[in-house]
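Data first, discussion second: the structure below is written as structure tokens.
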Ligand SMILES: C[S@@+](CC[C@H](N)C(=O)[O-])C[C@H]1O[C@@H](n2cnc3c(N)ncnc32)[C@H](O)[C@@H]1O
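Residue numbers (my numbering): 72 to 356.
Spelled out as structure tokens, the structure:
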């Protein structure tokens with residue numbers, strides 16, 4: 072049997088103050104300095120390195136038709152007309168959660184693991200200037216690139232914050248909708264992330280996330296691979312366990328809106344994976 076990963080986790084203190092444009096103030100730094108240690112720190116650094124490097128070459132990747140970009144697979148021409156090649160080049164999602172989210176003008180939307188911001192830009196078109204979109208990502212280079220993109224596109228209703236989805240730099244009951252696209256699979260503490268999503272949502276709020284899940288056990292060498300963790304594979308949760316975890320966090324009306332085969336590559340073991348788009352609601356009160 073594969074040796075269990077030895078992550079060390081200390082419950083975060085949610086009482087941190089939040090700065091609008093920077094990281095989450097003391098909370099974000101506490102998370103990295105106090106909460107992360109051992110393998111967790113190594114994995115977090117590997118994820119940051121992987122997505123930091125991707126942000127560096129996003130402009131070039133955006134122009135290459137041969138790259139396996141999620142922008143080419145999951146987004147309409149109309150949606151793509153809202154973003155630049157650089158934003159498309161940073162896209163590494165497994166679905167299009169915004170297309171299922173029925174966003175209304177004026178809503179506040181939070182995107183966890185926002186990367187280059189593709190879903191933030193598409194969502195911001197729907198919230199309009201009366202609403203706002205907040206993207207949270209822990210990789211500094213991704214956040215700075217997303218901020219530059221927002222500036223270039225004069226997207227004044229989007230804010231990108233650096234922070235961890237396990238300690239979201241956002242006040243409680245402050246958002247109508249949480250979205251996420253291929254990011255929760257990278258978190259070792261999915262139950263903490265889900266309870267954070269519950270905390271920041273307003274009563275009656277909802278989440279719509281696109282996530283890779285495991286249908287049948289992956290080969291042990293894939294489960295144990297840091298490379299495959301960073302690619303969002305080894306950390307993917309078992310489908311049924313993940314749906315139960317969502318209910319355990321307090322969400323109701325949990326619904327799989329879409330399920331499709333994994334499109335990340337052509338290895339045989341990919342048939343053990345699926346990608347889901349899931350809707351769940353925070354009870355109204
Ligand atoms: C696979 S990329 C997806 C990016 C984007 N959602 C998209 O669709 O293109 C995952 C992103 O999640 C971020 N991420 C991973 N773990 C995170 C965590 N624990 N907290 C915040 N961001 C995280 C990474 O830095 C990366 O930018």
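All C-beta atoms in this analysis are idealised placements derived from N, C-alpha and C, irrespective of residue type, glycine included.
Item: Continuous beta strand (DSSP E) stretch holding residue 250: start and end; Value: 246 to 252
Item: Between the CA atoms of residue 290 and residue 203 - distance to the nearest angstrom; Value: 42 Å
Item: Any non-hydrogen atom of ligand 1 closer than 7 Å to residue 122 Cβ; Value: yes
Item: Residues bridged to residue 232 (per DSSP); Value: 207
Item: Neighbourhood of residue 269 by C-beta, 8 Å cutoff - its chain only, sequence neighbours within 5 removed; Value: 320, 321, 322 and 353
Item: Residue 252 beta carbon near ligand 1 (any heavy atom closer than 7 Å); Value: yes
Item: Whole-angstrom C-beta distance between residue 186 and residue 201, which should lie under 8 Å; Value: Actually they are not in contact, since the Cβ atoms of residue 201 and residue 186 sit about 25 Å apart, beyond 8 Å.
Item: Buried or exposed (CB count within 10 angstroms, at least 16 for buried), residue 167; Value: buried
Item: Candidates 316, 282 and 230, of which the one nearest residue 267 by Cα; Value: 316
Item: Beta-ladder partner(s) of residue 238, from DSSP; Value: 235
Item: Among 137, 208 and 287, nearest to residue 312 - alpha-carbon criterion; Value: 287
Item: Touching by the beta-carbon criterion (3+ pairs, under 8 Å), the region 211 to 228 and the region 251 to 264; Value: no
Item: Unbroken beta strand (DSSP E) run spanning residue 315, endpoints; Value: Unbroken run through residue 315 is the alpha helix (DSSP H), 310 to 319; no beta strand (DSSP E).
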